[in-house]
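Read the structure below first, then the notes.
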Amino acid sequence: MCDVARGWTGEVVEVILGVIVIARLYAMYQRSRKVLVFLVVIFLAVRIANAVMAAIITVLTSGEEIVLSGTYQCMISYTRDALFLISMTWIRDTVWEVLALCLAVWVAVKHFHELRRYSTSGIIGDCFTVLMRTHVSYFASFLAISCFQIGLFSPTISADLYSLDTQIYFALAQIFQFVHMFVLGPRLILGVREYHAELVANSGTTSAMTSIAFQERVHVSTSSSV
């Protein structure tokens, strides 16, 4: 079924994004082995539980293909137990994302405090700013999706899954999920790569200007000696 395939695809993408988040936090905590083990254990526990729940949801979900105006449409039927399990998976994902955000904020505040204490900023401070900006936007999108998904368990929505309001609700949830997985998720990597490229370009320009200034000083000193 198309909805089941989309659900498992989302699980795979979430695993990839989780690995990226763990790698970022591992780097932010200066490759602390304790932090890495803690994150991996929590992440595996969440993902294994969600995989089991996804398998149960697949069993509890039924669907059929119908043809409307010459196009194939998937009609998915969820039981109340399936909706409850979907909500539980998103609650666990939210707990994981909140934990990751708290760890990122904690180490960033700690580093900014140390930089202010020693009156140093520059590359390290700018790097942490980029990391926090991309992480906060990523978390905000995930929080919006979680609110939509957890809201599926509301009696008002689950009472009539085929009403126009409920279908609009489902559509908005899917749009937010698409933006989260395929736009803001990759920004976790692209934001750092863009900062690194800009840093390399600026360092190259600075080196070139220093070289030109040095050559001018040499030329002036040689002329004056003559």
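Numbering of the sequence shown is given in the working numbering, commencing with residue -8 and proceeding in unit increments. Using N, Cα and C, we set each Cβ at its ideal position, and we do this for glycine too.
Under the three-state DSSP convention, the category residue i falls into
i, result
"residue 22", "coil"
"residue 204", "Only weak support is given to the placement of residue 204: the predicted model assigns it a pLDDT of 37, under 50, and the value that follows is read from those uncertain coordinates. DSSP places residue 204 in helix when its eight states are reduced to three."
"residue 220", "Outside the shown range of the chain, which is -8 to 217, sits residue 220, and nothing can be said about it."
"residue 52", "coil"
"residue 78", "helix"
"residue 132", "helix"
Cα-Cα separation between residue i and residue j, rounded to whole angstroms
i, j, result
"residue 220", "residue 101", "Because the chain is modelled from -8 through 217, residue 220 falls outside the range shown and cannot be assessed."
"residue 174", "residue 124", "14 angstroms"
"residue 157", "residue 127", "29 angstroms"
"residue 119", "residue 20", "11 angstroms"
"residue -1", "residue 181", "25 angstroms"
"residue 79", "residue 193", "47 angstroms"
"residue 12", "residue 3", "14 angstroms"
Whether residue i touches residue j by CB criterion (7 angstroms)
i, j, result
"residue 136", "residue 167", "yes"
"residue 51", "residue 18", "no"
"residue 16", "residue 94", "yes"
"residue 97", "residue 141", "no"
"residue 33", "residue 76", "no"
"residue 133", "residue 88", "yes"
"residue 92", "residue 130", "yes"
Reference residue i, options the options, closest by Cα
i, options, result
"residue 36", "83, 75 and 99", "83"
"residue 145", "133, 160 and 155", "160"
"residue 183", "23, 154 and 122", "122"
"residue 164", "185, 139 and 172", "139"
"residue 31", "79, 7 and 43", "7"
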